[in-house]
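Here the structure is laid out as structure tokens; the discussion comes afterwards.
Protein chains in written order, with the working numbering: chain A, 1410 to 1727; chain B, 141 to 429.
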């Protein structure tokens, strides 16, 4: 197992290096000269050339890559061209906002997803099971940006209960600031819940058929205890790995949801950077998001290996 | 009225392998969608880009069933035309990933060795990007357009198809009829195309059918964030993005393409699930995404 972890960590390092090359390579062929962007529309060629010299844009590509990559190792992601501030702190701020949104969504996906899965399994093939299955089917089929817009129309426009977007500022009360999180969290939760509830349902159904659950019933334990204490505990193992995979999905969903709700997180920052061709900001934000995604996938794999003694890693052939 | 026919259909259902209900419902809606997409110029009451300054932000009415948008364009017509773009993204991108992914998967599984090793590591790297990020990265390198979005989405799902095809190929390589073909001295190209591929199709088709909705959703998301289809296109993702600033005044502009998109995705999902149940009934429910 330890060998497997070490091997996977090396694999991730290798992937990050390849990825930094890819990100750097693709951003190099982006249309539009960075120096032109900074100098503005009416700059003379001299000014543009001076900026190119200052930024080292006339160095060979490998020198530029090395400067960027070695900077990352020292924690320096460069200087944002548009905001004229270091990229690191900008990304750190956005990451904090995104992490808050992701954490809230994750908690709801886990709790509501597992609860729906358990109810569906216990009431298998009854009306409520079908209702839950339709609910999750719709959830997985509705694009997050449309679901977000519907929520804005209903709760912000007609009912006027919640803010339509943004994050609020520090002068507002904690309760008001929390209200900004409700709609984006609901959107992410709805689109991600299907996996968790489906997985919980199918593994609960399997567990409820096992001998020890029948024994527990035969002992005369109340049904609630049998389901929650005996069956659910064992049925949760596959659900946990699905949850870890969902973290990866959450990161993808966050890019779109933050755009819908004008939420100042990492996803929206990246779109902002892409729209304005702010190279260091594009490179930094994509690198950070991808690194988090890789880590989430690694954790998913490790959890899967931990909870599944049948799966042997390390000597895997395929 | 239905008693005799119901009995008849029940006995038929018992005798022949049952076609899943999902396949019926999904298939019917998809056929209707394809018809709408093909006939859009005939059934749409207005051109998709026909502007009319006096008719801006008109709520749904007899003239404009789904209302008009900020340029006075008919939302119903735009939504009908949008079906074309959505299906082009879904099927086009899936086709691209099939055309690139299946041959590479066949070669990796059949040849093994360093080719396999390199292809799989390459697939690992591509799969280490969140799908939307990979799409954005591909699109960032050029000026965005719908065609490029289709290609980008297609590329995003190539690694998945390489893996599926490879694993099916690995299972088939040891079968006797492949060994026989090898013993006969058949060329690699012949073995891959004529012996392995025809037997590897079912799981690949099922996987591809599931990818279509992912592709539609990803393509729409890319258009929504401004990196896919460009104005005045009537792509549903783009329509929703353009309607975003006006949802206080004119929510109908966003709702029509949104609902159209939900129906499309649900229908294709049902079709894919039905196909999966028909091909392998044991696969029901459990495996997602």
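Just so it is clear, CB atoms sit at the ideal spot from N, CA and C, and this is done for glycine as well.
Computed from a prediction, not measured in an experiment: that's the story for all the values here.
Residue i classed as buried or exposed, judged by whether at least 16 other C-beta atoms fall within 10 angstroms
i, result
"residue 1611 of chain A", "buried"
"residue 315 of chain B", "exposed"
"residue 268 of chain B", "buried"
"residue 1715 of chain A", "exposed"
"residue 1534 of chain A", "exposed"
"residue 325 of chain B", "exposed"
"residue 1569 of chain A", "exposed"
"residue 1635 of chain A", "buried"
"residue 1516 of chain A", "exposed"
"residue 1483 of chain A", "exposed"
"residue 1453 of chain A", "exposed"
"residue 273 of chain B", "buried"
"residue 1632 of chain A", "exposed"
"residue 368 of chain B", "buried"
"residue 1470 of chain A", "exposed"
"residue 409 of chain B", "buried"
"residue 1419 of chain A", "exposed"
"residue 1623 of chain A", "exposed"
"residue 364 of chain B", "buried"
"residue 348 of chain B", "buried"
Residue i in three-state terms, based on DSSP
i, result
"residue 1655 of chain A", "helix"
"residue 1668 of chain A", "helix"
"residue 1453 of chain A", "coil"
"residue 256 of chain B", "helix"
"residue 326 of chain B", "coil"
"residue 1706 of chain A", "helix"
"residue 1619 of chain A", "coil"
"residue 1608 of chain A", "helix"
"residue 1549 of chain A", "helix"
"residue 1699 of chain A", "helix"
"residue 219 of chain B", "helix"
"residue 1429 of chain A", "helix"
"residue 1582 of chain A", "coil"
"residue 379 of chain B", "helix"
"residue 1684 of chain A", "helix"
"residue 162 of chain B", "helix"
Cross-chain neighbours of residue i in chain A, by beta carbon under 7 Å
i, result
"residue 361 of chain B", "1552, 1554 and 1665"
"residue 394 of chain B", "1558"
"residue 388 of chain B", "1566"
"residue 191 of chain B", "Per Cβ cutoff of 7 Å: no residues; residue 191 of chain B is ~23 Å from chain A at best."
"residue 401 of chain B", "1552 and 1555"
"residue 415 of chain B", "The contacting residues do not exist; residue 415 of chain B stays about 16 Å from chain A at best."
Proximal residues of chain B, C-beta to C-beta of residue i below 8 Å
i, result
"residue 1683 of chain A", "276, 280 and 367"
"residue 1518 of chain A", "In chain order: nothing, as chain B lies at least about 13 Å away."
"residue 1427 of chain A", "265"
"residue 1672 of chain A", "Within 8 Å Cβ-Cβ: nothing; residue 1672 of chain A doesn't reach chain B, min ~13 Å."
"residue 1691 of chain A", "280"
"residue 1661 of chain A", "270, 271, 272 and 273"
"residue 1699 of chain A", "268, 269, 270 and 273"
"residue 1424 of chain A", "264, 265 and 268"
Residues of its chain near residue i, where Cβ-Cβ distance is below 8 Å and the 5 sequence neighbours each way are ignored
i, result
"residue 1519 of chain A", "1605 and 1652"
"residue 1444 of chain A", "1457, 1458, 1460, 1461, 1464 and 1466"
"residue 223 of chain B", "173, 176, 177, 180, 400 and 404"
"residue 280 of chain B", "367"
Beta-carbon contacts of residue i that lie in its chain and below 7 Å, excluding the five residues immediately before and after
i, result
"residue 1591 of chain A", "1571"
"residue 1595 of chain A", "1560"
"residue 244 of chain B", "259 and 302"
"residue 1501 of chain A", "none"
"residue 195 of chain B", "208 and 212"
"residue 160 of chain B", "414, 417 and 418"
Bridge-paired residues (DSSP) for residue i
i, result
"residue 214 of chain B", "B:208"
"residue 1692 of chain A", "Note: residue 1692 of chain A sits in no beta bridge, so no partner."
"residue 1495 of chain A", "A:1488"
Chain-ordered chain B contacts of residue i [CB-CB under 7 Å]
i, result
"residue 1648 of chain A", "Ordered by position in chain B, no residue passes the 7 Å Cβ test against residue 1648 of chain A, which lies about 12 Å from the chain."
"residue 1715 of chain A", "Result: empty, since nearest Cβ-Cβ is about 20 Å, beyond 7 Å."
Residues near residue i in its chain [Cβ-Cβ closer than 6 Å; skip 5 each side]
i, result
"residue 1647 of chain A", "1608 and 1612"
"residue 298 of chain B", "237, 240 and 241"
"residue 1710 of chain A", "none"
"residue 248 of chain B", "256, 259 and 306"
"residue 1665 of chain A", "1553 and 1554"
"residue 205 of chain B", "216"
"residue 1669 of chain A", "1554 and 1557"
Proximal residues of chain B, C-beta to C-beta of residue i below 9 Å
i, result
"residue 1702 of chain A", "268, 269, 270 and 273"
"residue 1657 of chain A", "270"
Contacts of residue i in chain A (Cβ-Cβ under 9 Å)
i, result
"residue 409 of chain B", "1546, 1549 and 1550"
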